[in-house]
Amino acid sequence: MKLGRMAIRVLLLICATFLAILTSCVFMAGLQERSGLFLEDLVWWKVSGDSKTIEITNAGASVMTLGSDLPQGADQDLDKVLTNVSGGHGHGHYAVCGHTWHSLQLVDYALLSMLAYITPSEKNNLPQLLKLLFPHLEVSIRHLPPLQQRRWLEFNVKRCSSGGLWRGWTEGCRTLRVVSVSGTDISRIADYTENLRMWTEPVCLQILQTIFPTIRIWPRDSASMVIRTIHGILGGLGLEDNQWHYSAILDHVRHIPRDEEVVVTGHSLGGGIALVVGALTDRLAVALQPPGVFYSLAKHEAAQRSKPRGALHQRSVSLVFEGDWIGNFDGHGGLVQTMLCDQTRQSIAVGCHLLEGAICHLLRHCGDDAERFSVCRHEYQPAHTAMNLARTVWRFLRVSVQSSYSLTDVSAFVWLFLATSLLVVLRHGAPIMQRTVAGAPEHRPLL
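Using full-length UniProt numbering, the first residue of the sequence shown is number 1, and each one after it goes up by one.
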């Protein structure tokens with residue numbers, strides 16, 4: 001009995017903590033939305049003068065350098081400066097190496113996923129970056145939606161027969177539509193809230209497994225039935241939560257004609273969204289380092305009144321890295337390739353979750369069949385991210401306080417306090433202030 005009471009108390013404490021965190025995130029996200037304090041250029045890029053080296057910076061901490069030639073002196077200390085790109089053409093170190101999906105390599109989808117983080121502007125010239133990253137393809141921006149809850153882009157990728165690069169290619173050109181979804185923006189509190197909402201159920205199941213170990217032997221259908229039942233009850237009570245960040249993306253992909261080739265891709269949270277959208281629309285999804293949607297997909301199917309059709313297993317590719325703890329929030333379905341991490345010492349600081357590191361690892365071990373790059377360097381200094389995040393939080397709190405309690409609000413509050421005090425004095429009179437004379441005995445009331 002004591003053990004049962006303790007387990008119930010622990011569960012209630014966990015639920016209360018989760019609700020408190022979720023409520024705080026929703027409240028802070030509303031304040032941030034009202035104040036408009038966002039970092040628009042979280043990811044930026046620049047090119048060297050000879051256009052042979054591309055440097056892409058993420059939050060000032062993760063820097064990836066792609067080059068077609070070795071810089072002077074780099075060959076003397078290659079491991080510390082640059083990493084050689086493998087020769088490719090089927091000589092990779094992983095089973096997924098050499099495979100293509102709609103004639104694009106996994107590293108191509110990783111590059112397209114990274115572009116979704118970049119805000120198109122005069123400084124971040126995306127058309128020029130597309131030409132530098134894909135000189136062998138004709139890639140253009142087909143759809144640029146307004147910046148709302150989730151950053152995403154749609155690209156047109158035109159592939160033509162070129163020197164036998166793609167096996168089994170017929171004459172002529174093909175056009176592929178790639179929908180790229182961005183992942184978590186560290187400066188947007190709403191993104192953290194969306195992560196909590198997307199993966200609530202699988203995390204709760206993992207917590208319950210520590211108390212009831214038999215849950216671990218449940219098949220997926222049993223867990224899906226529980227999740228569907230919970231959301232069905234909430235829907236019957238009018239408490240169903242079906243406002244997701246992927247709603248606009250889902251509607252857009254659904255309206256694309258079925259005879260067109262479409263791939264949905266993304267990294268991290270964007271990879272999870274890509275898997276959900278791909279499963280709900282029966283389109284191919286290529287996810288880079290996603291948290292997984294093996295169990296949580298059931299609630300999205302319930303919200304969309306969609307029956308499970310096995311699209312997650314049949315039409316999805318996921319790349320995960322050993323040591324990436326973000327990928328452990330849920331299970332993975334479909335074709336899953338696990339790779340080693342080059343930043344194991346910084347795995348706690350999401351060193352194994354960085355897309356820039358994944359791109360360099362893919363180029364090093366799977367190569368570049370298009371022979372665009374010969375070297376790739378990735379540097380990660382998480383202290384810079386912490387400093388940038390601290391500055392953002394400080395500016396957010398300062399602006400929020402200033403916007404919530406402006407000088408006009410303070411003066412109005414002071415006048416209201418004075419008016420209320422005056423009414424109290426006129427009604428009851430001023431309070432009697434007792435004075436104590438030095439040396440006089442203190443009088444105390446008798447009990």
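Backbone N, C-alpha and C fix where the C-beta goes; we use that ideal spot for every residue, glycine too.
Remember, predicted model here, so these are calculated numbers, not experimental data.
Using C-beta distances below 6 Å, list every residue in its chain close to residue i, excluding the 5 sequence neighbours before and after it, in chain order.
{"i": "Val336", "result": "Ser318"}
{"i": "Ala303", "result": "Asn242"}
{"i": "Gln209", "result": "Ile215, Arg216"}
{"i": "Cys341", "result": "Phe321, Glu322, Gly323, Cys352"}
{"i": "Val43", "result": "Asn58, Tyr117, Ile118"}
{"i": "Ala311", "result": "Ala279, Asp282"}
{"i": "Cys160", "result": "Cys173"}
Does DSSP put residue i in a helix, a strand or coil?
{"i": "Trp101", "result": "strand"}
{"i": "Ser268", "result": "coil"}
{"i": "Ala279", "result": "helix"}
{"i": "His245", "result": "coil"}
{"i": "Asn156", "result": "strand"}
{"i": "Ser62", "result": "strand"}
{"i": "Val85", "result": "coil"}
{"i": "Gly357", "result": "helix"}
{"i": "His365", "result": "helix"}
{"i": "Cys376", "result": "strand"}
{"i": "His313", "result": "helix"}
{"i": "Ser222", "result": "helix"}
{"i": "Arg151", "result": "coil"}
{"i": "Lys46", "result": "strand"}
{"i": "Cys173", "result": "strand"}
{"i": "Glu261", "result": "strand"}
{"i": "Ala116", "result": "coil"}
{"i": "Val286", "result": "strand"}
{"i": "Val293", "result": "coil"}
{"i": "Asp324", "result": "coil"}
{"i": "residue 523", "result": "As shown, the chain starts at 1 and ends at 447. That puts residue 523 outside it, with no answer to give."}
{"i": "Val96", "result": "coil"}
{"i": "Ala370", "result": "coil"}
{"i": "Asp108", "result": "helix"}
{"i": "Ala349", "result": "coil"}
{"i": "Gly4", "result": "helix"}
{"i": "Gln304", "result": "coil"}
{"i": "Gln206", "result": "helix"}
{"i": "residue 496", "result": "Limits of the chain in this structure are 1 at one end and 447 at the other, which puts residue 496 out of reach."}
Can you grab the Cα-Cα spacing for the pair residue i / residue j, in whole Å?
{"i": "Phe321", "j": "Gly333", "result": "15 Å"}
{"i": "Ile217", "j": "Leu205", "result": "12 Å"}
{"i": "Thr100", "j": "Ser306", "result": "29 Å"}
{"i": "Arg435", "j": "Leu13", "result": "Below a pLDDT of 50, predicted positions are generally treated as unreliable, and Arg435, at 47, falls in that range; the measurement from the model is reported next regardless. In a straight line, the C-alpha of Arg435 is about 52 Å away from that of Leu13."}
{"i": "Ile256", "j": "Asn124", "result": "28 Å"}
{"i": "Thr57", "j": "Ile230", "result": "42 Å"}
{"i": "residue 449", "j": "Ala274", "result": "Since the first residue of the chain shown is 1 and the last is 447, residue 449 is not available in this structure."}
{"i": "Arg177", "j": "Tyr192", "result": "29 Å"}
{"i": "Val139", "j": "Gly67", "result": "20 Å"}
{"i": "Pro219", "j": "Pro291", "result": "19 Å"}
{"i": "Tyr246", "j": "Thr265", "result": "13 Å"}
{"i": "Ala287", "j": "Leu355", "result": "11 Å"}
{"i": "Ala29", "j": "Arg188", "result": "7 Å"}
{"i": "Thr65", "j": "Ala190", "result": "30 Å"}
{"i": "Leu126", "j": "Ala223", "result": "43 Å"}
{"i": "Asp330", "j": "Asp50", "result": "45 Å"}
{"i": "Cys25", "j": "Asn156", "result": "36 Å"}
{"i": "Trp152", "j": "Ile249", "result": "8 Å"}
{"i": "Glu33", "j": "Ile186", "result": "15 Å"}
{"i": "Arg9", "j": "Ile211", "result": "12 Å"}
Between residue i and the rest of its own chain, which residues show a CB-CB distance below 8 Å, the 5 nearest in sequence each way excluded?
{"i": "Arg315", "result": "Gly278, Ala279, Asp282, Arg283, Leu284, Ala285, Gly334"}
{"i": "Tyr405", "result": "In this prediction, Tyr405 scores a pLDDT of 48, lower than 50, which makes its location untrustworthy; the coordinate-derived value is nonetheless stated afterwards. Excluding positions up to five away in sequence, the list is empty."}
Identify, in the order they occur along the chain, each residue of the same chain with its Cβ nearer than 7 Å to the Cβ of residue i, setting aside the five sequence neighbours on each side.
{"i": "Leu111", "result": "Leu133, Ile359"}
{"i": "His313", "result": "Gly333, Gly334"}
{"i": "Ile207", "result": "Ile14"}
{"i": "Val253", "result": "Val179, Val262, Val264, Val277, Thr281, Arg283"}
{"i": "Leu19", "result": "none"}
{"i": "His102", "result": "Leu176, Glu261, Val263"}
Comparing the CB of residue i with every heavy atom of the ligand ATP, is any distance shorter than 7 Å?
{"i": "Thr214", "result": "No copy of the ligand ATP appears in this structure; indeed no ligand is present at all."}
From the DSSP output, which residues share a beta bridge with residue i?
{"i": "Gln337", "result": "Leu319"}
{"i": "residue 451", "result": "Look at the range of the chain in this structure, 1 to 447, and you will see that residue 451 is not part of it."}
{"i": "Ser140", "result": "Asn156"}
{"i": "Val181", "result": "Trp152, Gly266"}
{"i": "Thr53", "result": "Gly67"}
Please confirm if the stretch 133-146 is in contact with the stretch 194-206, defined as three or more CB-CB distances below 8 Å between the two stretches. no
Check whether the stretch 350-368 touches the stretch 92-108, taking contact to mean three or more Cβ pairs, one atom from each stretch, closer than 8 Å. yes
Taking contact to mean 3 or more Cβ pairs, one atom from each stretch, closer than 8 Å, check whether the stretch 181-191 and the stretch 258-274 are in contact. yes
Touch check for the stretch 140-157 and the stretch 295-312: three-plus C-beta pairs under 8 Å? no
Is the stretch 339-346 touching the stretch 377-384, taking contact as three or more C-beta pairs under 8 Å? yes
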